[in-house]
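Quick notes on the structure that follows.
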Ligand code: SF4
């Protein structure tokens, strides 16, 4: 039997077995940001330890940065203290920091790939659960807690238990108006929000083969929402083409040798998996969430499920969801009034997302009752989008065009929902209170569906609003 | 670095029902604006415990009957979502020393063990039975036998599971991995030297 990419990368990075049976795994690339790293540097100091391989850690600031008034000091003193702390820690330890003034700052999971830091056959860790995003390049990427950030800083390793691997095949061509976001929302709906516990997800099949690198990132990003800490796609020509020429990718002279190495990590054709599931692209439609976790999802033309439609074990959470979301079971979700439309986050704020939406919103207007904001995932994305005229298209349509950061994905900066506002969001989490207001309501969907909601003022089918077929 | 061996724990319990309780609920993101974990305890489950005006809402953790509880009972997939260690830190600093649930999200589980806060998996029926016992006599002590995978209250005993690696780590006082990891530094450097990308910046 052959091996999976996961097996091969794991083996290449295994340092030794620890006394408790866990593996000490080398983490080749470490990404840090301002929210989960300061305490780790504090622990390091308390223990009298130093950063072992500072050149393998990269930092940026994303969660707390304001997206409008970005001059320092920030009006929020705590946020200001956090960015200064990160700057100080990076300077003291010799860590590369993509600071605001660098023009390269952005959401950590967008910056890593964009800079070519994210590479196939590597291990990556970051104190953020959406680190699974980097798996789109055939890397094994783990979201970690702050104590593990400390472990990686001090030893470039962490203690891990090897998970099982589930292969998820999606085959066929997606219909117009159906995106990679719908694919992952569908997978989570089918397998459940804890279906991936103890697993790494390997995504493949002809749908994934045809995806761009950015589409693959959207899927891998949300692996953790299905309970899988790691999600990845085997690297192929699409991956190599994406990386060529990026600042931290191997130089032209070394590139072919690197590609040969990267290829050697791909799963063998006869690789053994612990589980395999198959889906057809033609069965997937534009998907929206109706509840308070990403598994509570339906196609746009379905009704919000009634308790009787759900398995017994899901009913209690559904009751909580009806109450919080103020949605009626057994009724269509289409037509629900929307207050805010948020196009952003590490799931869907890359250039291709903005390009796709701009194609359709050109000449349209955001409904006056809706606050529409577009938050590019990085300064790199923002600069390109501005030079290509996309920013103007969004502004002309009545969207606010903001600076790069996490923004309303989690509302740690001034971008928050107010009261029980309902937000059509291209982000990845619809937990209660996620967007900054304890009673705020989030409906997850693809970027184009967010645009459809912005234009009509209600949850809508983008295929109808923008006459796609 | 020597850590206490965590073999037995005793304390009173509090049941917070519900499945898929995510870390945004355990500690809302707005309370993560801090550069240390100090003071997080008061914000545990904040939005569930207080309304917009900061007035207490009915919640088991606010209920004086369960005051001082150090053992938290929960449902399925507890601690899902964000990897924030602020979540177990907030619980720990609130006084929680162990969590009993039907299942745990993986990152939360690991973060909690690293703090020396055992997370044990129990059958859903047993959780509810234990919750009923707590409800009857909230100040009766619960005993957790980490080494033998048992939870005892009054004279009733429930099985409670912990993966071997976590059990080993707790009972041997090696639940914070840093000491073990540091011992392997020579091997770390050797492994890194075999991987070409480790040399580049
Ligand atoms: S965009 Fe959202 S999910 Fe992504 S890193 Fe930022 S806060 Fe986390």
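Chains as they are written, first to last, in the working numbering: chain W, 321 to 789; chain C, 14 to 214.
Glycine included, every Cβ here is placed at the ideal spot set by N, Cα and C.
Requested in this report: Kindly indicate the opening and closing residues of the alpha helix (DSSP H) around residue 373/W.
Outcome: Element bounds for residue 373/W: n/a, residue is neither H nor E.
Query - Check: residue 93/C C-beta below 7 Å from any heavy atom of the ligand SF4 - result: no
Query raised in the report: Looking at the structure shown, is residue 210/C part of a helix, part of a strand, or coil, going by DSSP?
Result: helix
Query raised in the report: For the putative contact between residue 388/W and residue 723/W, defined by C-beta atoms under 8 Å, what is the C-beta separation to the nearest angstrom?
Result: 7 Å
**Report entry** Which of helix, strand or coil DSSP assigns to residue 121/C
**Finding:** helix
**Report entry** Neighbourhood of residue 654/W by C-beta, 8 Å cutoff - its chain only, sequence neighbours within 5 removed
**Finding:** 620, 621, 778, 779, 780 and 781
**Report entry** residue 604/W classed as buried or exposed, judged by whether at least 16 other C-beta atoms fall within 10 angstroms
**Finding:** buried
Report task. Below 6 Å CB to CB, which residues in the same chain sit around residue 29/C once its five sequence neighbours on both sides are set aside? Result -> 73 and 87
**Report entry** Limits of the beta strand (DSSP E) - the one that residue 17/C falls within
**Finding:** Counting along the chain, residue 17/C falls outside any beta strand (DSSP E), and DSSP gives it neither H nor E.
**Report entry** Cβ separation of residue 601/W and residue 490/W, assumed to be a contact under 8 Å, to the nearest whole Å
**Finding:** 6 Å
Query raised in the report: What residues of chain W sit near residue 135/C, judged by a beta carbon separation below 9 Å?
Result: Per Cβ cutoff of 9 Å: no residues; residue 135/C is ~16 Å from chain W at best.
Query raised in the report: With which residues is residue 721/W paired in a DSSP beta bridge?
Result: 694/W
Query - Euclidean distance between Cα positions of residue 367/W and residue 191/C - result: 10 Å
Query raised in the report: Ends of the beta strand (DSSP E) at residue 9/C?
Result: Since the displayed chain C opens at 14 and closes at 214, residue 9/C lies outside it and no answer follows.
Requested in this report: Indicate the three-state DSSP secondary structure (helix, strand or coil) for residue 519/W in the structure shown.
Outcome: Strand at residue 519/W.
Query raised in the report: From the DSSP output, which residues share a beta bridge with residue 157/C?
Result: 22/C and 164/C
Report task. Determine, using beta carbons only, whether residue 321/W and residue 561/W come nearer to each other than 8 Å. Result -> no
Query raised in the report: Per DSSP, what kind of secondary structure is residue 379/W in: helix, strand or coil?
Result: strand
Query raised in the report: Heavy atom of the ligand SF4 less than 7 Å from the Cβ of residue 448/W, yes or no?
Result: yes
Query raised in the report: Cβ of residue 428/W within 7 Å of any heavy atom in the ligand SF4?
Result: yes
Query raised in the report: What whole-angstrom Cβ distance do residue 424/W and residue 668/W have, given they're in contact under 8 Å?
Result: Their Cβ separation, rounded to whole angstroms, is 20 Å, which puts residue 424/W and residue 668/W out of contact at 8 Å.
Report task. Could you please give me the residues that DSSP links to residue 443/W through a beta bridge? Result -> 460/W
Query raised in the report: Does the Cβ of residue 665/W lie closer than 7 Å to at least one heavy atom of the ligand SF4?
Result: Judged by the Cβ position, residue 665/W qualifies as a neighbour of the ligand SF4 at the 7 Å threshold, a heavy atom of the ligand being closer than this.
Requested in this report: Report yes or no: is there a C-beta of chain C within less than 8 Å of the C-beta of residue 494/W?
Outcome: no
Query raised in the report: Would you say residue 782/W faces chain C, with C-beta separation under 8 Å as the test?
Result: no
Requested in this report: Check each residue of the segment 124-152 of chain C: if its Cβ is closer than 7 Å to any Cβ of chain W, include it; give the result in chain order.
Outcome: So the close ones are 124 and 127.
Query raised in the report: Looking at the unbroken beta strand (DSSP E) that takes in residue 618/W, where does it start and where does it end?
Result: 617-619
Requested in this report: Out of 193/C, 170/C and 133/C, point me to the one whose CA is closest to residue 159/C's CA.
Outcome: Comparing Cα-Cα distances from residue 159/C to each of 193/C, 170/C and 133/C, the minimum goes to 133/C.
Requested in this report: List the endpoints of the continuous beta strand (DSSP E) containing residue 416/W.
Outcome: 416-418
Query raised in the report: So what's residue 101/C in DSSP terms, helix, strand or just coil?
Result: helix
Report task. Quick one: using the 10 Å Cβ neighbour count with 16 as the cut-off for buried, is residue 584/W buried or exposed? Result -> exposed
Query raised in the report: Between the beta-carbon of residue 96/C and the beta-carbon of residue 465/W, is there less than 8 Å?
Result: yes
Query raised in the report: Since residue 333/W sits in a beta bridge, which residues does DSSP pair it with?
Result: Looking at the DSSP output, residue 333/W shares a beta bridge with no other residue.
Report task. Over the uninterrupted beta strand (DSSP E) stretch that includes residue 598/W, give me the two end residues. Result -> Boundaries of the beta strand (DSSP E) harbouring residue 598/W: 595-600, taken from the DSSP string.
Query raised in the report: Leaving out five residues before and five after residue 78/C in sequence, what residues of the same chain have Cβ atoms less than 7 Å from its Cβ?
Result: 151
Report task. Pick out whichever of 76/C, 163/C, 81/C and 67/C has its Cα sitting closest to the Cα of residue 113/C. Result -> 163/C
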